Structures are given as structure tokens and as C-alpha cells.
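First the structure, in the form of C-alpha cells, and then the observations on it.
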């Protein structure tokens, strides 16, 4: 910062430009204002959104994700780079403003910092500018030489964004350099006038200043003027150019994080402000044109920084499905820029499906949430995909492979078309029935409901999960029952595939049956049912996943295990998306596994909130995607890489996909899969009072015994 | 183009188990779910696609009772402009010819350029379309898997014949076509669409409205009558191999080799 | 008084369809003493040969020759038949794509009763014909009574009646072409588009590994292909596999697909709907492998195995490979 004595020298150098600088200020600001206004126009036409509640929680998000850059370190190099740049920008804000003001009039003093504070601030920002400058060089080098894969643009999405990225990075470097040169010139003038300069040693301004050491005062004046002009032009150019590309996130990120969704895991309603009962008055469901998006979703499109972290973690993208979340945002943003131009007519409401997005692109999403988990700007994807699906369903535009299960769900309450009265047939398996009687609940029959859901009820292989769960509940003396033929599909995927009306019908039937049973709590072994009952259903008793119940029992010492049988087996736990990422239940299942003595467990590289989706559940099992490989196959290969030969999962859909993948990957005999409940059922020590085993042998019932490489426990 | 589609409400074979009811000599109907006959649904979709190109409207008609209205509503939710129910106690027990007569009486009162039916329904008779055409003296083509509108008076149709081959013909309007499954990809009818048409009134016409000849309809007029349903005792069946998988494979390889199946 | 029985006989390339003798057997079931009359339509020297060949099966062969009948257009043939057929008789027609086209309208114009797709005939009782049909995709059978007062048109399921042992007759051809006059119709045949030949012609293979819905997924088709490779066989399929786009249409066996005459036919995960079985001729050795012990295919197979094809086939392939490597040594 300039001391009072040098202000006059600097002012004299800049004086001649005051007029020009002022004009540039006004022009720049006016331009920026106009551009921002034009960018707001589509938001004014958009659907309403509910984002003004819970201000404290929202501020908390701002502190954590915006100030705290919480998600950035998930990619170390880029994360560190960005944190440095971000801190640099924040620190430089005041400096930038004061630099700009300096060119307005000599009467404008530097901001009222007392001397030492001003000096300290100057030193800090000298280094900040230097670090930002260096970061720009590193960033450009990464773009040009190292080219991280996630930045690449697949051919079908157009040309690479590299040139534009380098242009912007370069401009920021120029901005830093211009500021540095300006400070250097001023400082050099100070030195020439006999004062000491106070630039931070070895910072960019400092280096530039030493380069100017032998320059004449007159030239210094010109350099100062030129650097100042360059700084101002670059500053305003950047300010006005940013809203035309991914750098707009500089301005929008604060708002995007503030307005981010608080209740992850839930779905947005069809229309905010319209209750379920009044939905039939809504003329069109879902998103068909750009204006059907909410203003926050549009803000998301503006805020996407094109970092590619979402697509890098998207399992659909990894297996070659035509879906890349990053480009859901980029394409929509480009659409907005095209149809809401700076000058001329705004908007035209063309259908998005078939022009901006393809149908397969939107049906490919398994709603695993990996994209939302990664995004440093908290951009939301799942709600948008579901809204687009709602639109397609509304128009009758549904792949034939999905129409059959949807019709079956409507008539029979399950996607297989099987009879309602057979829903509880799994309880009648001969051996099972002798050891465990499962009650179908009528009024006030029990305190706990075991919600089985469709796949576990009807699928030959998955029924083993139901039986294991029932035996576990029995052993833990849970007073439980099932709804039997009164149970309908939870509708979790029905809703996530956009059939909101059918979902509401299924939900209504289930809620009636649940309330009629008089239970106080619900337990399920199906994370999709768990998520539905927890998030999509209202006014039902609290629900938990069986892993949570088991973890509590382990803690309380209520359940003990036999040692793991086979010493050479290595287990790994696969986090199901709807148990892990969407509901943050990572530890409970692990706790249960670790309570089994002698069980060797390894973690896959992608675990917990970075778990890799198995392929999806519910209706996704019926959809025929265009892909190069199955998600399950990739996952099974990850397990093999981690050194495991047994995959433990806690979701029947994961089980279907993984067991299938083991066959397709040619790993039969080398890899097996087992559900958490099946493993617990096999290993748990049964109290003497419920012993039904004859002479101490209890065969474990597996869906397919030929897959079992680990020994059954005899005792 | 004004298109009439004759549809029927049948038990959905993919969502039902067909078993016999020993007491009534009928199949067990208690837990059946019904829906529109599959090839009729394809016919409605085809009709909708045609009027999308040519203009006009699609009417769906069925012979039955009030419970059959649901398929009319479903097809209207799909896009048909009109749904008509032909219902009368006198119609109960009609055979295929009787149904065709009822439909003919309805068609004669209006004007339709094109009449579509599905190839066959749950009874596999594949008869009503051909009969209706003969009664109306309209040309007929069955097993149609492609329709091209040449002009207001003629269509080019493809019929599915053996070997996956297609028989291409020209046919003059008005005509009757029976539509084969797979001709198109029917659009989805969501629950929301069905709810939206749930309260529409369905025009209903009876015997006197239509002027149907009483001697051909109803049980009395049926020349072909179903006596019962039964499941025949299994005749000669396969030699079932019942050993372990390995044993079955060995035996199978033996048998196939004996028949010259191994090179 | 039993009505006369007329049998419509189709033909191709100078050879009468197999149905000619099947429907003859069916006619005999209705009335053993009545001598059915074959009715054949067409034109040209190949057609003449067909009429001649039928003399050894039918006492009377009514020949309907007309230029416009060179291609069997059901609309024209119906008009032709109406000019020569007396009413109040029984007319048998095969229940194939032609019969479906011809017969219902014919029954109306003859004012005759109509019964379609019969699989059994139980003879005349009084003035009614008793027959057996199937409904719900073959899941149940029904007995039907057909009033013969004004005659009947009956379509017969191809393959349901085994041709009678050679009951050679020395019939005569009666040329009824003169009664036809002009034949025109509002439906005009243009051409036949032959299905694209795929890379594999399943009609030329002696051993077929045929897959149905039980293969469950496109990716599993390879399991069948591996077995076919070790046997020098080809993979064929039923209609659902083509509808799901797991194999091309040229691989489909059935009434709307190809007709095959292999020596050995492995039906894997195929339920046994008659439309599929209609494509299998020549009485091959049929092996059925299916998870469902109640699948109708077990009624027509020679050998049946209840097992999961996704597991059984790879093991079968391995076994055969083993055997081949042993014999190669």
C-alpha cells in the first residue's frame, strides 16, 4: 500500500487517465449489470423453488462448502490448487477494489487501514497474488501437458474446452501480473523518490520491482499507467466475460451453495406449492422445456465449473452409457445462453428431449448420487433427471422394456406380475417353516413390521435374505410380523423413474396397511424400501435398516458370532448407494462384520461415499441400457483388485447385480457374494432356547448352494 | 381419416395364472386382472400414429358390459378421441359371429374409413375382424405389421407370413385390418392419464339402438358354444432325466451322439 | 346325414403343403366314411402338378385355375371358392397365415358356423360337430360344439393331426375353372419381401441349439453359442428373443419365422408355445431343458431335463470339449 507521500507521485502518473478510467469503470459495471440481468431473465420465468427456509443451516453450508472448500480435497492436486486460488481471491478482494478506486481520483485514499495493518495486508496480498499467478501457470500446464481425463470432452459433446479454459486462466494470470506490475512501478517510484519499498520479498510484485530498478522515472510513470490500465481492462473484461462460461461460478457459487438442497435423499415435489391432492390440476408433469426447470436448477447450470468430477465418478459414464452428468449441466447452460441471448428475443420453449437430451441419456441414471456427492458447488442432478423422466412419462414416452413392469406394478403391486397372495410364500419354505414362524400382521399383531418389499418376496434367490432376516429378528426376540399380501412395492424406483401417480397409489396402499397393523417401528433389509419409507413416505412409524439394528445388538452384546469358518477367505463390504451415500450408514454394517471373530476384511478403493453403484435396483433391472460393460462387472473387478474373494452387501438389488456380474466376469468359483443378513444368519450363535437344530447341525440356506465356497458351519 | 378400433378386455396372461375352477367349468376368475387385449392395444397405437399423419380421430369400441369400460378409458387416455360401449343383456353369450354382427350394426350407423382389430384375443380365435369385413363387404387383411397411407383411398399394407417374409398388398378404403403385435411401440399410459379420463361418460348402445338381428346374438344365436374348460391328461411326455447334473449331462451326450448330433 | 367335407389345400413351388394330408386325417376323424374333396387354387404348370399329386390322397380334386390366382391372395380365393362351393358343408382350412386371412370371411359368406384352430375333432353328434380348442396361450383346453345346420368352416392347427398311413386312392381332378368368371378384389397383391438372410442359415443345420426367454439376457446368448461351436451347430431361437432384439429375425424358428428340419433340436429355456413348435418339422430328436417342470415343451420333447440353462449349458459345453480332446489324442 502506498504511503501518503507516494500517493501524490502515483496520482500524478495516473492523473491523465482519470477520465478514461472512470469511463471504463462505468462501462464495465454497466455492462456487467446488464449481463447479469439478462442471465436472470430465464430464472424469472422458471418454476418456483423452496430455498429460503432454514437460513442458519444454509449459512452453515456456505461456511463449510464455500469458505471451507470442503469437497475440493477429494481430488488432491486440483483441490489444493483451487483452495489456494480461492483463498487468494478472497484475500485480494479488498486490494482489487482499492486498486480500482485509486484510478478514480486522487482524493480517494486507500481504505482506512492503520499503517501496520495496511502493510501486513499488503504483504499478505503480495504473496496471495504471487501464489494465484503460479497456480495459473500450474493449471495451464495441467491442461496442456498432463490433461486429466475428466476434463476431456467426448466427441458427441462437441469440441474440447481446453482453449477456453487456458484463455481464462491466462487472463487471471495477466490480472495478477498487471496488478503486480502496477505495485512494482509504484514501489520503484517510491525507491526513486528516496523512500523504502515495502513489497513482500520474493513475491511477484517484488520481483517485477527489482526488474524495474534501473528504469527511468519517466518510463516508470508510463509503466505504472499502462499496468493500471491493463489491470482495469482485464478486471472488467473478466468480470463481463465470466458470465459467458464456466467461470460464472465465481459469482454464482456463493448463491448456489446457500440455496443448495438441505434434505438430500428426498425428491422434489412435482410442483412446489402444490399438494398431492391438488396435483391433478397441474397441466403438465415434469420438465419438458427449459422453463419447466426451477430457478435453482437453472442457477445450477450457470454454476457448473466443468470440473468433470461428477462424470468421473458416475458409474453410468464409466460403463459407456450415454450419460455424463457434467454435460447435463453444460448442455442446459449452452441452451440457456443460446435462447436467452444478450440482445434479442428470449426463450422459445422447445422440448428438451430429443434436442438437448436423448432419452437413453436420461433413463441411464441409477440415481446413485455419486455426482452430487462429488460436486464442490453442490449442483443437484437427481431431481433434474427425475423431473425429465416425469416429463417423458407424462408424454407416454417410455421404453417398452419398462412398460410391462410398470403395468404389473399397477395391477399386481409388484413388477413381476406375480399374484398378491404369493407375496408371503417365502415363509412357507419347508425347512424354514419348522424353525421360524413368520406372522402376517393384522391389527395390533406386533410392535415391529418387517417390510420385505417385492424383490425379496418374489425372487427365488432373494427370498433367502427374507428368511435370514426373519431368523435374525426372531433370535433377537423382536416382536415382528409382515404385511404379507397386503404389502405393495414400496414404489421407490417407480417414483425415481418419474411415475409419480403410480407411486402415490402404491404409497397410499402401503400406508393404509402399515397403519392398520398398529406397529411402532419398521425394519427392512432393502435399502430402497428403507429410503422410501424414510424419505418418500409420511406419517409412518420410524424405519431402520437391519444393519442398524444389528450394530446396536452387537454394541449391547446381544448377539455373538461363531468365528469365520474359512481362514483363506477375504471379505470386502460393498456400500449400497441407498444405505451408504444417500443415508450415510457406512459404519453399522462394518461394525457387524468386524464383530465376527477371525473375519478378514479389506476395503475397496472406492468405498463409503465413493462406493461404485452395482447397476441399480427396482425398475432399473428391467431397463435395457446401451453400455459397454455392466456396472456390476466393474465392481466385482474392484473387489478382486482389493484382494477379496467374498463380497458382502446389504441390498438385494446389489446382490442380483453382483452375482450376475460374477458369472459374466468369469469369476465363478473364485468370487462369491453374500448378503449381510445371510452372513449373520450363518455365523450367529443361537441361544439354546430357540435351538431347533437336530443333533447340532444347522445347514445354512442359500439361494444357490453351488455358489457357496465358504463352508457351512456345523455345530 | 376416421378410424375405428374394435377392442376387447381380456385376462392379462402375463399377470395371471390361469387355473380351472372345478365347480363352474370355467377358469378361476376371482383374482384375475384384466386389461386390453395386447394386439388391440397395438392397433390403437397404430391408429393414433396414422391420424397424427393424416388428421382425423380414433374411436375405440367394445362389446361387453360396464366393467369393460375401463379398457375404453385406457385407450382414450392413450389418445383415442371416443370410446363406445355396445352393451345389452341380449348380447351375453354371443359367439364370434354374434360379436361381429353387433359391431357391424354399429359401423353401419357411422362412417369409418378404416377399421382395425387385433389379430386375436385370449381365445386365439382370430375371427372377428375377418367376419366383420365380410359382413360389411369391405376388403380384409390379417396379420398386418405395417401400414402406409398412399392417399385418401388406398393403403399399402404388409402381412406377416412364414419365414419372417412380408406380403405387400394394396388395399382400398374402407377396409378392415387385423393388426399383429410388434407393428409399433405403443406409448405408455400412466396412471395419471387414466385418472384424468376416469369420470368421462362412455356412450352406450344396446340392441334396439343398433337394430341388431336378435337371431344371431346372445347364447341362443351362437352357433359355436364352449362346453367347458379342462386340462387334458398328459399324454406321451418326454423321458425326464432325473439324476445329478453331471449324470444328466453324461446321459444326454450319449443320447445326442446316438442320434448323430456330435460331429 | 353327414355333410360333405371340403379341404382347402395350399401349395408352393409345385408341391402341396403338408397340411393336405394332415387335414385329410382330420376329415377322417370327423367322418371316417366320407370322402373329402380337395380344393386347390392357382395357375400354371406347377399348379397342374399339384393337382395331379393330390389324386393319390383325395377321391376328388377340384381344380380352380385362374390367372389372377397365381399368387394366393385370400380375398380373391375366397371369391373363387364362393363360386364353386355348395353351402351347408364342412370346409377345412389350415390355421396358418393364409387360413386366418381366408376362413372367417368365408364362413360369413357361406353363412356357415366358424371354429378356428382346432387341435382335435371328436366327430359329428346329431347336427353338431364336437371339437377341442385351446385358450390362454395353450394353458387350458375347451370342448366346443359347433352347430352344423348351415355347415361349418373349420381351421385346423398345422401339425395337430398326424397324416394317416398311406391310404392311397386313385382320385380324379375335376376342373372347375370355368365357373370362376372374372375375379377382382379391392386388395391387390404387390410383392413379397424376403426376410434378410442373416449370417447363419438355421434351416441348413442338422443340430440346433435353440434359446428362449429363459436365456434372460442378451449377454447370455454367448453361452448357447459356445455350445453350438463345440457341436458344429447353430443357435436359433423363439420369438421373444427376437422381440427383445437379442438375436436377428433370421434365427427365429416358428410359424412367423423359419421352418427347420434338424436331426437334433435342443430347446433351451423355451416354453413350447405352438407357434414355435410349428416351425419344427421332420420329427427331430428334441431335448428340452427348462427350469419349469410344467413347461408345455416337455410334452413334445423326447428327453427332458429340469435345470437352469445358464448353468447347465456351460457344463455341457465343457463335457463335450473334454470328450473331444480325449478322442483327439
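Chains as they are written, first to last, in my numbering: chain A, 1 to 715; chain B, 1001 to 1263; chain C, 2001 to 2329. Note that beta-carbon positions come from the ideal geometry of N, C-alpha and C, so glycine has one too. Please read all numbers here as calculations on a predicted model, not as lab measurements.
{"Check": "Chain-ordered chain A contacts of residue 1185 of chain B [CB-CB under 8 Å]", "Outcome": "400"}
{"Check": "Residue 1025 of chain B, enclosing beta strand (DSSP E) - first and last residue", "Outcome": "Element bounds for residue 1025 of chain B: n/a, residue is neither H nor E."}
{"Check": "Proximity below 8 Å, CB of residue 578 of chain A to CB of residue 531 of chain A", "Outcome": "yes"}
{"Check": "Coarse secondary structure for residue 2073 of chain C, derived from DSSP in three states", "Outcome": "coil"}
{"Check": "Three-way DSSP call (helix, strand, coil) for residue 2323 of chain C in this model", "Outcome": "helix"}
{"Check": "Outcome for residue 2158 of chain C when other beta-carbon atoms lying within 10 angstroms are tallied against a minimum of 16", "Outcome": "buried"}
{"Check": "Residue 1114 of chain B to residue 2098 of chain C span [Cα, whole Å]", "Outcome": "22 Å"}
{"Check": "Under 7 Å (Cβ pairs) to chain C, residues found in the region 636-670 of chain A", "Outcome": "664"}
{"Check": "Contacts of residue 417 of chain A in chain B (Cβ-Cβ under 7 Å)", "Outcome": "1014 and 1015"}
{"Check": "Helix, strand or coil at residue 1109 of chain B [DSSP, three-state]", "Outcome": "helix"}
{"Check": "Cβ of residue 285 of chain A within 8 Å of any chain B Cβ", "Outcome": "yes"}
{"Check": "One or two residues paired with residue 2335 of chain C in a DSSP bridge", "Outcome": "Past the boundaries of the shown model lies residue 2335 of chain C; chain C is included only from 2001 to 2329, so the question cannot be answered."}
{"Check": "Rounded distance between the beta-carbons of residue 604 of chain A and residue 639 of chain A, thought under 8 Å", "Outcome": "6 Å"}
{"Check": "For residue 365 of chain A, the residue or residues it bridges with in DSSP", "Outcome": "The partner list for residue 365 of chain A (beta bridge, DSSP) is empty, contrary to what the question assumes."}
{"Check": "Test: residue 2165 of chain C CB closer than 8 Å to a CB of chain B", "Outcome": "no"}
{"Check": "Touch test, the region 2262-2282 of chain C against the region 2292-2299 of chain C, Cβ-Cβ under 8 Å, three pairs minimum", "Outcome": "yes"}
{"Check": "Per-residue contacts from residue 2315 of chain C into chain B (C-beta, under 9 Å)", "Outcome": "1245, 1246 and 1249"}
{"Check": "Chain-order list of residues whose beta-carbon lies under 6 Å from that of residue 71 of chain A (same chain, five-residue window excluded)", "Outcome": "376"}
{"Check": "For residue 479 of chain A and residue 541 of chain A, the rounded distance between their alpha carbons", "Outcome": "15 Å"}
{"Check": "CB of residue 1157 of chain B within 8 Å of CB of residue 1073 of chain B, strictly", "Outcome": "no"}
{"Check": "Residue from C/2162, C/2135, C/2118 and C/2290 with nearest C-alpha to residue 2210 of chain C", "Outcome": "C/2290"}
{"Check": "DSSP-derived helix/strand/coil call for residue 376 of chain A", "Outcome": "coil"}
{"Check": "The region 249-268 of chain A contacting the region 320-331 of chain A, beta-carbon criterion three pairs below 8 Å", "Outcome": "no"}
{"Check": "Residues in the region 2040-2059 of chain C having any Cβ partner in chain A nearer than 7 Å", "Outcome": "none"}
{"Check": "Residues that DSSP places opposite residue 2062 of chain C in a beta bridge", "Outcome": "C/2039 and C/2174"}
{"Check": "Start and end residues, beta strand (DSSP E) containing residue 2192 of chain C", "Outcome": "2187-2193"}
{"Check": "Within-8 Å CB hit, residue 499 of chain A to chain B", "Outcome": "yes"}
{"Check": "Contact set for residue 221 of chain A: own chain, Cβ-Cβ below 7 Å, skip 5 residues either direction", "Outcome": "13"}
{"Check": "Residue-level contact to chain B via CB, residue 2008 of chain C, 8 Å cutoff", "Outcome": "no"}
{"Check": "Cβ contact check for the region 2143-2157 of chain C and the region 2110-2118 of chain C: 3 or more pairs under 8 Å", "Outcome": "yes"}
{"Check": "Own chain residues within Cβ distance below 6 Å of residue 564 of chain A, not counting five before or after", "Outcome": "596, 598 and 599"}
{"Check": "Contacting positions in the region 2108-2141 of chain C - beta carbon closer than 7 Å to chain B", "Outcome": "2108, 2109, 2113, 2114, 2115, 2116, 2117, 2134, 2135, 2136, 2137, 2139, 2140 and 2141"}
{"Check": "beta-carbon residue 1147 of chain B near the ligand SAH non-hydrogen atom, thresh 7 Å", "Outcome": "Absent from the structure shown: the ligand SAH. Ligands present: none."}
{"Check": "Contacts around residue 2058 of chain C, its chain only, beta-carbon distance under 6 Å, and the 5 residues preceding and following it disregarded", "Outcome": "2038 and 2171"}
{"Check": "Cross-strand partners of residue 1175 of chain B (DSSP beta bridge)", "Outcome": "B/1114"}
{"Check": "Assigned exposure category for residue 173 of chain A - 16 Cβ within 10 Å defines buried", "Outcome": "buried"}
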